[in-house]
Amino acid sequence: MQPVPVLVTGASGFIGAHLVRALLAAGCRVDAVSRQAQTATSPNLRWWQADLAVAGEIERVLAGCAPEVVFHLASLVTGKRDLELVLPAFQANLESTVRLLAAASAAPSGCCRRVVVAGTMEEPDRNSVEAPGSPYAVAKAAAALYARFFHSLYATPVVMARIFMVYGPGQVDHTKLVPYSILRALRKEAPRLTSGTRPVDWIYIDDVIAGLLAAGEVAGIEGETFDLGSGELVTVRQIVEKICHALAAPPPEIGALADRPLEAVRRASIAKSISRLGWRPQVGLEEGLHRTIVGLRGELASGAHVVRS
Ligand SMILES: NC(=O)c1ccc[n+]([C@@H]2O[C@H](COP(=O)([O-])OP(=O)(O)OC[C@H]3O[C@@H](n4cnc5c(N)ncnc54)[C@H](OP(=O)(O)O)[C@@H]3O)[C@@H](O)[C@H]2O)c1
């Protein structure tokens, strides 16, 4: 990534924190958005406290920092199906994205010459007739549709990164499958699972960051969607068994939890990401899990592991 001024939303989150570190390492000046007050850890990092679902907030941020490239990662990320999540998921995932796209489209020339929007494997494939399976999935699917709409009608320089199931160090939400299972296995407790039969495309965090950086930089890809996944499927049960085996912990307790309804199976199509982005995943599952275990152990030892539900 060239050292250009960059804005990252969702910068306090799992992927956002890794991305900010990578951008700083590349010499970028980074403006970062969180709804919480944050402390800058680098002279090239400046935090903005803003709720992007609130009118006027993204305009205030863009006017203050005029980024060349925007990485929009802010999101309420949850696979829960509860009715109570429909409106919060709509606001955090769809309303915030539409506000950002509208503001970026109206920004003066030079500002927002590239907007990378984080999509998800939870969105149904473009030509699919199936309904999204959760409040998160439907809001993200609509946000992806808006991104294409803004590009088609207003020539907004949007690139969609459709991210598959990310794992790696720094995933502070301990309810997510990989950190949850590692934490249980470190205590020699069996992780409690659903049937575990869902096949999932797992992708290591460093590979996702490399794909996002390429999506922010490669010329002539506006309006395109790129899958960032491994292209391979491994079931929930298989990945947790690998974790338990690596940590000599009891095997997972299968069927302890109910399966979720409308669980989709999607495998990343990475041929286009390879040919157009020049990106391909580098870290295999065994190596990625090893790095994740080492990272989580380190976070626990240093007291840096923040438990968030
Ligand atoms: N992790 C995955 O496996 C995965 C898979 C596919 C796609 N993705 C996508 O990748 C992106 C990042 O995911 P992640 O796992 O890093 O999520 P995350 O750790 O939950 O971080 C997302 C951050 O967004 C911020 N946010 C939420 N609502 C906001 C709002 N209204 N205004 C401003 N900021 C808001 C929150 O930060 P504050 O609380 O500090 O405001 C939150 O920490 C998301 O768009 C997600 O859909 C992730």
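If you read the sequence shown in our numbering, its first letter stands for residue 2, the second for the next number, and so on.
Cβ atoms here follow ideal geometry from the backbone N, Cα and C, with glycine treated the same way.
Owing to the predicted nature of the structure, the values given are computational and were not obtained by experimental measurement.
Out of the options, point me to the one whose CA is closest to residue i's CA.
i    : options                   : result
A186 : P180, A67, T198 and A250  : A250
A257 : P192, I164, C112 and A104 : P192
K189 : H246, T79 and S110        : H246
V179 : A259, I275 and K243       : K243
V159 : S270, V70 and L24         : V70
P252 : I183, E264 and A272       : I183
T121 : D228, T236 and G11        : D228
P89  : T157, P136 and A108       : P136
G232 : E223, D202 and L214       : D202
L214 : A23, F15 and G14          : A23
G221 : L278, L8 and C66          : L278
R114 : D126, E264 and E223       : E223
E60  : R149, G197 and A107       : A107
S110 : T40, A67 and R127         : A67
F72  : G296, A140, G304 and V34  : V34
V116 : R127, D126 and A103       : A103
Going straight from the alpha carbon of residue i to that of residue j, what length do you get?
i    : j    : result
R298 : S153 : 47 Å
R261 : G134 : 9 Å
L84  : Q3   : 43 Å
R82  : T195 : 15 Å
P51  : Y155 : Sequence check: residue 51 is Ala here, not Pro. About 25 Å.
I294 : W48  : 30 Å
G212 : L248 : 30 Å
C112 : R238 : 46 Å
L77  : N94  : 6 Å
G11  : S97  : 11 Å
V118 : A54  : 15 Å
L63  : R292 : 36 Å
E264 : P200 : 10 Å
A302 : E288 : 21 Å
T157 : A105 : 7 Å
Less than 6 Å between C-beta atoms, sequence neighbours within five positions excluded: which residues of the same chain meet that for residue i?
i    : result
V167 : I204, I206 and V209
R309 : Note that R309 scores 47 on pLDDT, short of 50, meaning its location in the model is unreliable; the coordinates nonetheless yield the value given after this. The residues are V173 and D174.
R267 : M122
A143 : L95
K273 : none
L86  : P136
If I measure Cβ to Cβ from residue i and keep anything under 8 Å in the same chain, skipping five residues before and after, which residues do I get?
i    : result
A259 : T195
A145 : V118, G120, E124, M161, R163 and T226
L74  : V9, T10, G11, A12, G14, I16, G17, L20 and A119
R36  : Q50, A51 and D52
If you drop the 5 nearest sequence neighbours on each side, which residues of the same chain put their C-beta closer than 7 Å to that of residue i?
i    : result
S43  : L25
V99  : Y147
L290 : K243, I244 and A247
(request) Scan the segment 18 to 89 and note each continuous beta strand (DSSP E) run of 3 residues or more that stays entirely inside, going in chain order. (result) For secondary structure counted as the beta strand (DSSP E) over 3 or more consecutive residues, the segment 18 to 89 holds these complete runs in sequence order: 30 to 35, 46 to 50 and 70 to 73.
(message) Runs of 3 residues minimum, wholly inside the segment 180 to 226: which ones carry the beta strand (DSSP E) assignment?
(response) If we require 3 residues or more, the beta strand (DSSP E) runs fully inside the segment 180 to 226 come out as 203 to 205.
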